[in-house]
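*Asks:* Following the working numbering, the numbering of the sequence shown begins with 2 at its first residue and continues without gaps. Where a beta carbon is used, it is the ideal one built from N, C-alpha and C, also for glycine. This structure is a prediction, so every number in the text was calculated from the model and none was measured. Please find one structure pasted underneath; my questions will follow.
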Amino acid sequence: MSTHEREGFRTRPEHRWPVLIALAVGTGLYAVLPNEASGVLRCVVVIAGVLCAIPMVVTNPSRLSRESAVGRGFALAFTAVLLVANQVAFFLLIQQLLRGEGSGAGTLLGAAQVWAINVIGYAVVYWEMDRGGPIARRRDPRDALPPADFQFPQDSDRDAVSEVARRSSETEDWAPGYIDYLYFSASNAMAFSPTDVMPLSTRAKLFMMVQAVSGFILLALVISRSVNILN
2 MSTHEREGFR
12 TRPEHRWPVL
22 IALAVGTGLY
32 AVLPNEASGV
42 LRCVVVIAGV
52 LCAIPMVVTN
62 PSRLSRESAV
72 GRGFALAFTA
82 VLLVANQVAF
92 FLLIQQLLRG
102 EGSGAGTLLG
112 AAQVWAINVI
122 GYAVVYWEMD
132 RGGPIARRRD
142 PRDALPPADF
152 QFPQDSDRDA
162 VSEVARRSSE
172 TEDWAPGYID
182 YLYFSASNAM
192 AFSPTDVMPL
202 STRAKLFMMV
212 QAVSGFILLA
222 LVISRSVNIL
232 N
């Protein structure tokens with residue numbers, strides 16, 4: 002019997018580093034936002050990121066193998082800080098785009114950074130929210146998990162052709178990881194609608210709606226601003 006089976010894990014625990022690296026990238030992007038778009042929130046986000054990363058790493062240094070309310074609480078707290086601060090930057094950028102203020106290239110770069118931070122942050126929200134979180138998804142029996150918030154293609158591929166069915170949740174005992182939610186978050190932010198991942202719960206639909214609407218508004222104004230600059 003393998004180590005993770007003895008510890009009660011249904012499948013191998015997920016690595017800590019993908020989500021930690023993504024949050025570090027999001028923090029870095031916010032730290033270099035244009036001054037007029039971030040203000041003092043730049044320092045708040047960076048300090049919060051450093052302080053919250055410590056308990057997150059201490060509780061689960063390499064793999065997410067130990068349930069910790071402290072570690073998960075700090076992860077959610079920092080994600081909330083990052084997303085709220087990013088929404089402030091979003092509204093300030095919208096004002097700049099509507100008024101035609103600031104340098105064209107700087108404003109457009111800031112808009113791209115705000116969009117990327119939203120993708121990273123909402124991916125963490127989806128990752129922590131779905132089926133009890135990253136530890137429960139890979140540890141608990143499927144019939145003991147909370148109801149799913151999202152349905153991935155692997156969840157319904159068991160009747161597909163054999164080479165596809167071998168990757169299904171039922172055959173491989175597959176569970177989504179942070180990269181899966183990051184891809185889904187980026188798809189939602191670009192397509193403004195579900196692509197291959199379907200929301201199942203009301204809260205999932207609300208989060209996706211807010212993300213998609215903010216992304217649509219930002220993209221529409223950026224395109225409009227770009228056209229004005231080119232003309």
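Could you pull the start and end residues of the alpha helix (DSSP H) that residue 185 belongs to?
*Replies:* 179 to 192
*Asks:* From what residue to what residue does the alpha helix (DSSP H) around residue 18 run?
*Replies:* 18 to 32
*Asks:* Can you give me the C-alpha to C-alpha distance between residue 182 and residue 61, rounded to a whole angstrom?
*Replies:* 20 Å
*Asks:* Which residue comes first and which comes last in the alpha helix (DSSP H) that contains residue 61?
*Replies:* Here residue 61 belongs to no alpha helix (DSSP H), and DSSP marks it neither H nor E.
*Asks:* Could you tell me the boundaries of the alpha helix (DSSP H) in which residue 157 lies?
*Replies:* The continuous stretches of alpha helix (DSSP H) do not include residue 157, and DSSP gives it neither H nor E.
*Asks:* Give me the Cα-Cα distance between residue 216 and residue 26, rounded to the nearest whole angstrom.
*Replies:* 19 Å
*Asks:* What do you reckon, are the CB atoms on residue 30 and residue 117 nearer than 7 Å?
*Replies:* yes
*Asks:* Excluding sequence positions up to five away, which residues of its chain have a Cβ less than 8 Å from the Cβ of residue 146?
*Replies:* Counting only Cβ-Cβ distances below 8 Å, and skipping sequence neighbours, we find 132, 133, 137, 138.
*Asks:* Less than 7 Å between C-beta atoms, sequence neighbours within five positions excluded: which residues of the same chain meet that for residue 4?
*Replies:* Low per-residue confidence applies at residue 4: pLDDT is 38, beneath 50, and the placement is therefore not dependable enough to give any value.
*Asks:* Grab me the residues of residue 171's own chain with a C-beta within less than 7 Å of its C-beta, minus the 5 sequence neighbours each way, in chain order.
*Replies:* Contacts found: 159.
*Asks:* For residue 56, which residues from the same chain have a beta carbon less than 7 Å from its beta carbon, with the 5 sequence-adjacent residues on both sides left out?
*Replies:* 71, 72, 75
*Asks:* In terms of residues, what are the limits of the alpha helix (DSSP H) holding residue 176?
*Replies:* The continuous stretches of alpha helix (DSSP H) do not include residue 176, and DSSP gives it neither H nor E.
*Asks:* Does the region 209 to 223 come into contact with the region 186 to 200, if we say contact requires no fewer than three beta-carbon pairs (one atom in each stretch) closer than 8 Å?
*Replies:* The region 209 to 223 makes contact with the region 186 to 200, as at least three CB pairs between them are under 8 Å.
*Asks:* Work out the CA separation of residue 162 and residue 59 for me, nearest whole Å.
*Replies:* 43 Å
*Asks:* Once you ignore the five residues that flank residue 66 on each side, which residues in its own chain have a CB closer than 6 Å to its CB?
*Replies:* 14
*Asks:* Considering only C-alpha positions, which residue in the set 35, 85, 41 is nearest to residue 111?
*Replies:* 35
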